[in-house]
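The structure appears right after this line, and notes come after that.
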Amino acid sequence: MEQEHFSPLPIIGFYQNPVPPKFLWEVVRINEWYYYFRKLADKLLEFIAEETSASLYYQQLAALAPGSGEKELLRKLAKDEARHAAYLRTVYRQITGRPGRVLPASPPSIDSYQGALRQRLFAESNDYLKYGDEFLTAPDMYLRCLFYKIGAAEAQHGMILTILLSGSSTGPALR
21 MEQEHFSPLP IIGFYQNPVP PKFLWEVVRI NEWYYYFRKL ADKLLEFIAE
71 ETSASLYYQQ LAALAPGSGE KELLRKLAKD EARHAAYLRT VYRQITGRPG
121 RVLPASPPSI DSYQGALRQR LFAESNDYLK YGDEFLTAPD MYLRCLFYKI
171 GAAEAQHGMI LTILLSGSST GPALR
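Spelled out as structure tokens, the structure:
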């Protein structure tokens, strides 16, 4: 009986042998996961730095806030961003086995309270989209859940900042 020869080289999107050995698909899948997690580890370091920087920014912004309600909201946002950075550090450690340390962020320079709120509103909107993209490409439920929850929190931050920008921070939901 003649043995079929399998070639891993694709011919117009198909393999010469229509049913490749099972181990080939496993190798391809492992390589996909390897490259995904390798890229994710690099992204996580960026995300950790951004979340840490955002937390510092909100802390400084809280000091400039005109009222106690605004100060409290901005401190809450600072805590949320610090919590996001902690979650992302945990994932980084789980993926790489190393702590997710980033260089200490320098304190932000804030020229005007309103301008800083606008800047953060745009940053939070971009973060919402960024974490949404990560949610869509994450290969497992743990990461999908994490990116979904962080993205949802960033959307909430954007809504809070919009309310602060409008100057109506005395509503019952913001007390």
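Counting in the numbering used here, the sequence shown runs from 21 upward without gaps.
Even for Gly, the Cβ is constructed at its ideal location relative to N, Cα and C.
query	result
Please report the straight-line C-alpha distance between L123 and A69, rounded to a whole angstrom.	8 Å
Please state whether DSSP places R113 in a helix, a strand or coil.	helix
Can you give the beta carbon distance from I115 to L81, rounded, assuming they're within the 8 Å contact cut?	Between L81 and I115 the Cβ distance is about 32 Å, and since that is not below 8 Å, they are no contact.
Quick one: measure Cβ to Cβ for L141 and G178, integer angstroms, because I've assumed they're closer than 8 Å.	6 Å
If you run the structure through DSSP and keep just helix, strand and coil, what is A125?	coil
Return the CA-CA distance between A159 and G117, expressed in angstroms with no decimal places.	The question names Ala, but residue 159 is Pro in the sequence shown. The straight-line gap from Cα to Cα measures roughly 19 Å.
With distances taken Cα to Cα, identify the nearest neighbour of A61 among L156, T182, A136 and T110.	T110
Are the beta-carbon atoms belonging to S73 and A125 less than 8 Å from one another?	yes
So, for H104: in the same chain, excluding its five sequence neighbours on each side, which residues have a beta-carbon less than 6 Å away from its beta-carbon?	E71 and I170
Looking at C-alpha atoms only, which residue of Q134, L181 and Y112 is the closest neighbour of F67?	Y112
Between which residues of its own chain and A98 is the CB-CB distance below 6 Å, once the five residues before and five after are set aside?	S75, Y78 and Q79
Below 8 Å on the Cβ atoms is my guess for E174 versus D153; work out the distance and round it to an integer in Å.	In fact, because the Cβ distance is near 12 Å, the residues do not count as touching under 8 Å.
Taking the alpha carbon of A136 as the reference point, which residue from L65, L166, A83 and Y151 has its own alpha carbon closest?	A83
In its own chain, which residues sit with a C-beta less than 8 Å from the C-beta of G191, not counting the 5 before and 5 after it?	Residue placement at G191 is flagged as unreliable, the pLDDT there being 47, under the threshold of 50; a coordinate-derived value is accordingly withheld.
Quick one: using the 10 Å Cβ neighbour count with 16 as the cut-off for buried, is E90 buried or exposed?	buried
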